[in-house]
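Step one of this worksheet: look at the structure below.
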Amino acid sequence: MTVLGIRVHLRDNVAVVAADVQSGDVVRLDDGGEVPAIEAIPRGSKVALGPIVCGEAVVRYGEEIGRATKDIAAGEYVHTHNLARER
Amino acid sequence: MSEDFVFDGWRRADGRMGIRNHCLVLATVACAAGVVREVGRRLPNVVAVEHAHGCGRGGPDLGLQIKTLAGLVQNPNVGAAVLVGLGCEVVSAALLKGVLARSGKPLETVVIQEVGGSRKAADEAEDVARRLLGELESLPRERGTAADLMVGLECGGSDTFSGLTANPAVGKAADRLVELGGTAILAETTEMIGALGPLLKSAGSEEVAAKLKANVERQETRAREILGPLAGTVLAPGNVESGLTTIAEKSLGCVAKAGSSPIREVVDYGDRPSSKGLVVMDTPGYDIESLAGMAAAGAQVILFTTGRGTPVGFPAVPVIKISSNSELFEAMPDDIDLDAGTILVGKSISEVGEQVLDLLLRVARGERTRAEINGQAVFAIAQEGPAF
Numbered sequence: 308m309t310v311l312g313i314r315v316h317l318r319d320n321v322a323v324v325a326a327d328v329q330s331g332d333v334v335r336l337d338d339g340g341e342v343p344a345i346e347a348i349p350r351g352s353k354v355a356l357g358p359i360v361c362g363e364a365v366v367r368y369g370e371e372i373g374r375a376t377k378d379i380a381a382g383e384y385v386h387t388h389n390l391a392r393e394r
Numbered sequence: 007m008s009e010d011f012v013f014d015g016w017r018r019a020d021g022r023m024g025i026r027n028h029c030l031v032l033a034t035v036a037c038a039a040g041v042v043r044e045v046g047r048r049l050p051n052v053v054a055v056e057h058a059h060g061c062g063r064g065g066p067d068l069g070l071q072i073k074t075l076a077g078l079v080q081n082p083n084v085g086a087a088v089l090v091g092l093g094c095e096v097v098s099a100a101l102l103k104g105v106l107a108r109s110g111k112p113l114e115t116v117v118i119q120e121v122g123g124s125r126k127a128a129d130e131a132e133d134v135a136r137r138l139l140g141e142l143e144s145l146p147r148e149r150g151t152a153a154d155l156m157v158g159l160e161c162g163g164s165d166t167f168s169g170l171t172a173n174p175a176v177g178k179a180a181d182r183l184v185e186l187g188g189t190a191i192l193a194e195t196t197e198m199i200g201a202l203g204p205l206l207k208s209a210g211s212e213e214v215a216a217k218l219k220a221n222v223e224r225q226e227t228r229a230r231e232i233l234g235p236l237a238g239t240v241l242a243p244g245n246v247e248s249g250l251t252t253i254a255e256k257s258l259g260c261v262a263k264a265g266s267s268p269i270r271e272v273v274d275y276g277d278r279p280s281s282k283g284l285v286v287m288d289t290p291g292y293d294i295e296s297l298a299g300m301a302a303a304g305a306q307v308i309l310f311t312t313g314r315g316t317p318v319g320f321p322a323v324p325v326i327k328i329s330s331n332s333e334l335f336e337a338m339p340d341d342i343d344l345d346a347g348t349i350l351v352g353k354s355i356s357e358v359g360e361q362v363l364d365l366l367l368r369v370a371r372g373e374r375t376r377a378e379i380n381g382q383a384v385f386a387i388a389q390e391g392p393a394f
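Going line by line, the protein sequences match chains A and B.
My numbering numbers the first residue of the first sequence as 308 and each following residue consecutively.
My numbering numbers the first residue of the second sequence as 7 and each following residue consecutively.
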């Protein structure tokens, strides 16, 4: 299945999925490009658009919203288990 | 649309324009709440406001209470007010009436300990309010324009879609309102934590930038002191369930409500801006207290976005509720005025922004919001210190 993903800014390395995603579904971005989901992602949550290494900035709206707390693979679900805002 | 953005309102003595013409029955202290509630039961046409404040606090908090209660009475949507006090409290009816001496509005006081108890106070307040309601009916209406409007921007029960749909659509409406000469207030300092980057780009002057930075940094420091490691989130459980992970993510979505106009001024809680255009007010992220600050400054209407859904309204000030997703609009149809979730299925942000502006105008012309129809009105004032 294909699900819409919304990326606000070209610099963003995550997108928000507009519907529930199953592992293997393709997230197609509204501004072009797509990424296969490697796990289930609930509607409204974030999918990684490419690999993000531990400590790297997670970017939404073109701005840093926090840092990866572990390595994140493309197509992975991004939420409190692998993203936190730290100083 | 500029020529069409007109409505008939009530011009108050201070020159500001009301889009409603309410008689307020206001408790000056929590102890008068029961009397005010009783008057509200007897006279459904008054706006009866009770709260937990009025006594037992330190100076700074009492100052905030007096400023906010007086600001609510001075809100242009209020035509007249009955101030109901107990008699031994700090924020007494006489004190508040004194603060409001130059408001030019009919103000009456009823003091429970002076008139012989709560029943007599309710009878007297009812009589006075009935007379004021009659007087308000004969007030003439006058033509108002966008330049007369001050619109408060608020989000509550945010989800990940808020920053993609409802907030940017409200941002477009705020931009149009400002172009037409009106005023929009961005509040909720907690929800600016992590979003200083875009806000500072919009700062209209160095003074504005410095004050924004100071306010947001102070709020973040306070959050860290009180919440410890949780300060990076400062999210309600529902925000996290919806997919929001960090406060910065929530904030970046929240500030989209302000649109792209330059920020002209940064004011303290409840203070009246001296500039038109986009202004920022220092308020908590807690919706009810934030609304009170904007209403006290004179906002006649609130644009309130929500992803999780909230029924919240405010006394005397219409609150327009905009959902960030269509599932919410379908799930809570009696509480939401407009659905911005249509942006997820092809409507443009500008199109929905025009819908928001159109609804704003209809409400200024008298159309009742869902919260008004439902009688939803809650009131609380931001506080700093402990109760004594």
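From the three backbone atoms N, C-alpha and C, an ideal C-beta is built for every residue, glycine too.
Would you report the Cα separation of residue i and residue j, rounded to the nearest angstrom?
i	j	result
Arg371/B	Tyr292/B	29 Å
Ser211/B	Arg270/B	7 Å
Gly443/B	Trp16/B	In this structure chain B extends from 7 to 394, so residue 443/B is not present and cannot be described.
Glu130/B	Gly319/B	28 Å
Pro204/B	Asp338/A	22 Å
Ala209/B	Glu160/B	19 Å
Leu250/B	Thr376/A	16 Å
Ala326/A	Pro349/A	7 Å
Arg147/B	Ala301/B	21 Å
Pro50/B	Pro343/A	58 Å
Asn221/B	Ser280/B	19 Å
Pro268/B	Ala388/B	27 Å
Gln329/A	Ala347/A	4 Å
Glu231/B	Val365/A	25 Å
Leu311/A	Glu185/B	34 Å
Ala377/B	Ile326/B	8 Å
Glu383/A	Arg314/A	15 Å
Leu192/B	Gly150/B	23 Å
Quick one: what's residue i bridged to in DSSP?
i	result
Met300/B	Answer is none; Met300/B lacks a bridge partner.
Thr196/B	Note: Thr196/B sits in no beta bridge, so no partner.
Ala269/B	Here the sequence assigns Ile to residue 269/B, which means Ala is not the residue at that position. Ile269/B is bridged to Ala209/B and Leu284/B.
Ser329/B	Thr312/B and Asp345/B
Glu371/A	Val366/A
Val53/B	Leu30/B
Phe13/B	Gly150/B
Val307/B	Val157/B
Ala86/B	Cys29/B
Ile191/B	Gly158/B and Val285/B
Met308/A	DSSP lists no partner for Met308/A.
Tyr384/A	Val354/A
Let me check understanding here. Comparing Cα to Cα, which of the options lies closest to residue i?
i	options	result
Arg374/A	Val333/A, Pro343/A, Ile359/A and Leu317/A	Ile359/A
Gly259/B	Asn245/B, Pro268/B and Ser267/B	Asn245/B
Lys256/B	Val334/A, Glu341/A, Tyr368/A and Leu356/A	Tyr368/A
Leu218/B	Val184/B, Thr227/B, Val273/B and Val176/B	Val273/B
Phe11/B	Gly188/B, Arg230/B, Ile232/B and Gly352/B	Gly188/B
Asp341/B	Ile355/B, Asp364/B, Val362/B and Gly315/B	Gly315/B
His388/A	Ala322/A, Cys361/A, Val310/A and Ser330/A	Cys361/A
Val157/B	Ala303/B, Glu378/B, Phe385/B and Arg376/B	Ala303/B
Val35/B	Ala152/B, His28/B, Arg22/B and Val97/B	Val97/B
His316/A	Leu183/B, Leu170/B and Val369/B	Leu170/B
Glu5/B	Val286/B, Glu132/B, Lys178/B and Phe13/B	Residue coverage of chain B in this structure runs from 7 to 394, which leaves residue 5/B outside it and unanswerable.
Ala19/B	Ala107/B, Pro317/B and Leu89/B	Ala107/B
Under a CB-based cut-off of 7 Å, is residue i close to chain A?
i	result
Thr151/B	no
Ala33/B	no
Ala254/B	yes
Leu170/B	yes
Asp165/B	yes
Thr311/B	no
Gly249/B	yes
Gly347/B	no
Leu206/B	no
Leu202/B	no
Leu350/B	yes
Leu258/B	yes
Check the Cβ-Cβ distances between residue i and every residue of chain B, and say whether any is below 7 Å.
i	result
Ile288/A	The requested residue 288/A is not part of the displayed model; chain A covers only 308 to 394.
Tyr384/A	no
Gly351/A	yes
Ala322/A	no
Leu336/A	no
Leu356/A	no
Leu298/A	Missing from the structure shown is residue 298/A; chain A here goes from 308 to 394 and no further.
Thr387/A	yes
Ala325/A	yes
Arg314/A	no
Confirm the yes/no value for this check: CB of residue i, any heavy atom of the ligand MN, distance under 6 Å.
i	result
Thr252/B	Summarising the ligand content, the structure contains no ligands, and the ligand MN is consequently not present.
Task: Whole alpha helix (DSSP H) elements within the stretch 94–167 of chain B, 4-residue minimum - done: DSSP assignment within the stretch 94–167 of chain B yields the following whole alpha helix (DSSP H) runs of 4 residues or more, N-terminal first: 99–105, 118–121 and 124–143.
TODO: Pick out the complete beta strand (DSSP E) segments inside the stretch 310–358 of chain A, 3 residues or longer, and give them in chain order.
DONE: Inside the stretch 310–358 of chain A, DSSP marks whole beta strand (DSSP E) runs of 3 or more residues at positions 321–324, 333–336, 341–343 and 353–355, from first to last along the chain.
TODO: List in chain order: all unbroken alpha helix (DSSP H) runs of 4+ residues lying wholly within the stretch 334–388 of chain B.
DONE: Correct list: 355–370 and 376–379.
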